[in-house]
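The listed protein sequences correspond, in order, to chains A and B.
With my numbering, the residue at position 90 of the first sequence is 91, and numbering never jumps.
With my numbering, the residue at position 64 of the second sequence is 126, and numbering never jumps.
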Amino acid sequence: MSFDDETLMAYADGELAPDLRARVERAMRDDPQVAAAVERHRALRTDVFAAFAGVLDEPVPERLQPRAPQVQPHVRVDALASAGARPLPARWSWTQWGGMAACLVAGVLAGALGWQQVQGGAPFGRQGDALVARGELADALSRRLAADAPSGAVRLGASFAAKDGQYCRSFKLGSTAGLACREAGEWRIPVLAQEDKAEQGAYRQAGSAMPAAVLDAIDQRIAGASLDAEAERAARAGGWQRR
Amino acid sequence: MSDTLENDIAGLLPRLRRFARSITFHREDADDLVQIAVERALTRSEQWQPGTRLDSWMFRIVKNAWIDEVRSRSRRDQLFAPEEEGEHVGDDFAAAHQQRLAIEKAMSLLSEDHRLVIGLVLVDGLPYKEAAEVLEIPIGTLTSRLARAREALQELLSDRARNTK
């Protein structure tokens, strides 16, 4: 019995089901031409594989290593429109902290801004490699609604359901703005932006504006629209866990 | 979660580079292609479905990046220097080197479809099912395309063998 070339190729590639494989093997024993055809497929596979195999042993150039995406500051995002955010005034400038190691960010922020003194402890901590909310910030994220009257240092922006199933909320704390997403009982902070020192003070009262880095991070994650007051209340009632 | 994705992608880099080397014509283009693909993957990480094969997803991004971006500006004509290596055949190393050059050259002469399918199945060793997913074609199409690609490659290689005798 004879087989077409595609079947012999699939045999050489190890793609045949056991019964067909056995029949091909019988044909190979009985017919030298079948055996030779299979051997040609195998030899080509071996040669082509060998020609490129050396690439695996080469050192991988540093530039190819995956890094957290750099946010493009010029990207305009209107995801927060329903929560009252306005386009970022040009005179505001922010330094984004998102790509840095969590421990470094937490340490630098706590040191530079004197957050050890903030009531309730430092607002950022470290959980493995992630930066997480602590103290007053974590408390506000868990308990307060965006529509609540402002109290304390934390201002809450939009809440939304992310594409990967978490709830996320944007926030501002003094001259810092960020995004927090609820994961495994923690508020993880994938993006944090720090208002440049030189710009602090004069425009602080511009309150609800969020830096482009945070708006862009929201845009990348948001599934649908941001939560309205009622949906936000329901999310809080569910402990910010989505089913 | 995204930390894990970045680590997993980092672990795939050698294979991604090898695949890229098999479909581009130039070492630098291959690495440019991988770099672009990694950046795309990270900005679209929400499209990655945990539980599915990350390698297939990444290969698909490489393939798409090649077709719609890198290919048009590749340095195709710079790859093959005049075949000065043909002069000193003798030891095994030189013979293997010859073989490698011959295959790279033959690959570069294949059609785009054929080169992609060879790169996935023969160079990387992906099973047919995964290769078909990467190329977004039915498995029957993959099998017949692979058979034709092998035939074309075999032909190019034996032409060359005849010509260098």
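Built from N, CA and C at the ideal position, the CB exists for glycine as well.
Since this is a predicted model, take the numbers as computed values, not measurements.
Check whether the Cβ atoms of A7 (chain A) and A209 (chain B) sit closer than 7 Å, and answer yes or no.
The amino acid occupying residue 7 (chain A) in the given sequence is Glu; Ala does not appear at that position. A contact, by the Cβ cut-off of 7 Å.
Based on the DSSP output, what are the partners of Q221 (chain A) in its beta bridges?
None, per the DSSP bridge assignment.
Under the three-state reduction of DSSP, which class applies to L172 (chain B): helix, strand or coil?
L172 (chain B) carries a coil assignment under DSSP once its states are collapsed to helix, strand and coil.
When you compare the CB of P62 (chain A) with every CB in chain B, is at least one pair closer than 7 Å?
Interface residue, yes.
Going by beta carbon distance, what residues of the same chain come within less than 7 Å of D175 (chain B), once the five residues before and after it are set aside?
Same-chain partners within the cutoff: R207.
So D117 (chain B) and R77 (chain B) are in contact, right, with Cβ under 8 Å, and what is the actual spacing, rounded?
About 7 Å; that satisfies the 8 Å criterion.
Chain A contact for A143 (chain B) (CB, 7 Å cutoff):
With a pLDDT of 42 at A143 (chain B), under the threshold of 50, the modelled position of that residue is not reliable, and the figure given next carries that caveat. No - not a single Cβ of chain A is within 7 Å of the one on A143 (chain B).
Mark D149 (chain A) as exposed unless 16 or more other C-beta atoms lie within 10 angstroms of its C-beta, in which case mark it buried.
D149 (chain A) should be labelled exposed.
If you check the beta carbons only, do L132 (chain A) and I190 (chain A) fall under 7 Å apart?
Going by C-beta atoms, L132 (chain A) is nearer than 7 Å to I190 (chain A).
Output the distance between the C-alpha atoms of A193 (chain B) and R145 (chain A), rounded to the nearest integer angstrom.
A193 (chain B) and R145 (chain A): Cα-Cα distance of roughly 49 Å.
Which residue marks the beginning of the beta strand (DSSP E) containing E63 (chain A), and which one marks its end?
Bounds of any beta strand (DSSP E) do not take in E63 (chain A), whose DSSP letter is neither H nor E.
Taking the alpha carbon of A103 (chain B) as the reference point, which residue from B:D91, B:T86, B:V183 and B:V124 has its own alpha carbon closest?
For the options B:D91, B:T86, B:V183 and B:V124, the alpha carbon positioned closest to that of A103 (chain B) is the one of B:V124.
DSSP three-state label for K164 (chain A), please.
Collapsing the DSSP output to three states places K164 (chain A) in coil.
What residues from chain B crowd round M10 (chain A), counting only those whose CB sits closer than 9 Å?
Neighbours of M10 (chain A) in chain B, taken as residues whose beta carbon is under 9 Å from its own, are T205, L208, A209 and R212 in chain order.
CA-CA distance, A147 (chain A) and P124 (chain A)?
Counting only the Cα atoms, P124 (chain A) lies some 18 Å from A147 (chain A).
Exposed or buried, what is E220 (chain B) when buried is set at 16 or more other beta-carbons lying within 10 Å of its beta-carbon?
Looking at the sequence shown, residue 220 (chain B) is not Glu but Ser. By the neighbour-count criterion, in which 16 or more other beta carbons inside 10 Å mark a residue as buried, S220 (chain B) falls on the exposed side.
Over what stretch of residues does the alpha helix (DSSP H) that includes E137 (chain A) continue unbroken?
From DSSP, the alpha helix (DSSP H) with E137 (chain A) extends over G136 to R144.
Which residues, taken in chain order from the stretch 159-180 of chain B, show a beta carbon closer than 7 Å to some beta carbon of chain A?
So the close ones are Q161, R162, I165, E166 and I180.
Using a Cβ-Cβ distance cut-off of 7 Å, determine whether E16 (chain A) contacts chain B.
Under the 7 Å criterion on CB atoms, E16 (chain A) is classed as interfacial with respect to chain B.
Under a three-way DSSP split, which group does F50 (chain A) fall into?
Annotated three-state conformation of F50 (chain A) is helix, per DSSP.
Please name the residues in the stretch 25-53 of chain A whose beta-carbon is closer than 8 Å to at least one beta-carbon of chain B, in chain order.
With the criterion set as a beta carbon lying under 8 Å from some beta carbon of chain B, the members of the stretch 25-53 of chain A are R41, H42, L45, R46, D48, V49, F50, A51, A52 and F53, in sequence order.
If you drop the 5 nearest sequence neighbours on each side, which residues of the same chain put their C-beta closer than 8 Å to that of Y190 (chain B)?
Around Y190 (chain B): V183, I201, L204, T205 and L208.
Euclidean distance between Cα positions of A232 (chain A) and A54 (chain A):
Distance between the alpha carbons of A232 (chain A) and A54 (chain A): 54 Å.
How many Å lie between S160 (chain A) and L138 (chain A) at the Cα?
Taking the straight line joining both Cα atoms gives about 15 Å.
Just the C-alpha distance for A13 (chain A) and F4 (chain A), rounded to the nearest angstrom, thanks.
Cα-Cα distance, rounded: 13 Å.
Can you tell me whether Q97 (chain B) sits near the ligand SAM, meaning its C-beta is under 6 Å from at least one heavy atom of the ligand?
The ligand SAM is not part of this structure, which contains no ligands at all.
Assuming R234 (chain A) is part of the alpha helix (DSSP H), what are its boundary residues?
Run containing R234 (chain A): A230 to A238, per the alpha helix (DSSP H) assignment.
Tell me which same chain residues have a C-beta within less than 7 Å of the C-beta of A236 (chain A), skipping the five on either side of it?
For A236 (chain A), same chain residues with a beta-carbon under 7 Å away, outside a window of 5 residues either side, are S160, Y168 and L228 in chain order.
So who's on the other strand from S171 (chain A), going by DSSP bridges?
According to DSSP, S171 (chain A) bridges with A:L180.
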